[in-house]
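One structure is given here, and the rest of the page talks about it.
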Amino acid sequence: MLPLKYLQAYPATLQDKVRELIAQERLGEHLATRYPLRHEVQSDKALYAYTMALKQQHLRNAPGIDKVLYDSKLDVVQRALGLHTAISRVQGGKLKAKKEIRVAAVFKAAPPEFLQMIVVHELAHLKEIEHNKPFYQLCRYMLPDYHQLEFDLRVFLTWRELPPPVGTDHRG
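Written as structure tokens, this is what we have:
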């Protein structure tokens, strides 16, 4: 049975459906039908603006963000799709914290829904540090279909790691 490392926490019935699409070589087609577009947020500057617009829309009173960027060093295999960090530095006699959001560079070529899901996830960490019930409630507040998008994003990552059919490169 094919191990699905990004989908291990999901019920066997869902994993079996994904395995069936893989066996039929239809997983890419399935994803392309559901998510036909690729987002246009290609630079760090555009990603910062995109993130700040979502923050302004949903989390006006949350702490500010100093930096947002694509990071080619984030390893999706280690489950780091994005990263929210607070770096504390002493400046003068004060301790200053700089908040950063980093998004794995692989998502430059992803559907807009997946980028939005990752940014929403990282923004939710501004208010909720842990992945607990209030955290996921906040994610759903900002993006009502958050859980479906998270599942589909994991299916997308699974598809990206499949060997391409002979004579093609399906990863784009």
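Following our numbering from start to finish, the sequence shown increments by one per residue and tops out at 561.
By construction, the Cβ of each residue, glycine as well, lies at the ideal position given by its N, Cα and C atoms.
What you are looking at is a predicted structure, and each value in this text was computed from that prediction instead of being measured.
- Contact between A494 and S461 is confirmed by a C-beta separation of about 4 Å, below the 8 Å threshold.
- Note on Q537: under 16 other CB atoms within 10 angstroms of its CB, so exposed under the neighbour-count rule.
- Counting only residues of its own chain and dropping the five nearest sequence neighbours on each side, M531 has a CB closer than 6 Å to the CB of H447 and V509.
- Our two residues, A435 and L458, have alpha carbons roughly 9 Å apart in a direct line.
- Three or more Cβ pairs closer than 8 Å define a contact, and the region 427-441 meets that threshold against the region 501-508.
- Rounded to whole angstroms, the Cβ separation of Y424 and P500 is 4 Å, and the two are in contact under 8 Å.
- When rounded, the separation of the alpha-carbon atoms in E429 and L527 is 26 Å.
- In the DSSP annotation of this structure, the continuous segment of the alpha helix (DSSP H) that includes D405 starts and ends at A401 to A412.
- The alpha-carbon separation between F540 and P400 amounts to approximately 11 Å.
- L542 counts as buried, since no fewer than 16 other beta carbons sit within 10 angstroms of its beta carbon.
- Of the residues A513, Y535, I518 and N521, the one whose Cα lies closest to the Cα of F503 is Y535.
- The alpha-carbon separation between E550 and N450 amounts to approximately 39 Å.
- L391 sits in coil when the DSSP states are folded into three classes, being neither helix nor strand.
- By the neighbour-count definition (other C-beta atoms within 10 Å, threshold 16), T547 is a buried residue.
- Spatial neighbours of H419 in its own chain (CB-CB distance under 7 Å, excluding positions within 5 residues in sequence) are listed in chain order as L410.
- Between K456 and E489, the gap from beta carbon to beta carbon is short of 8 Å.
- Here G453 has K488 as same chain residues with Cβ atoms under 8 Å from its own Cβ, once five neighbours each way along the sequence are excluded.
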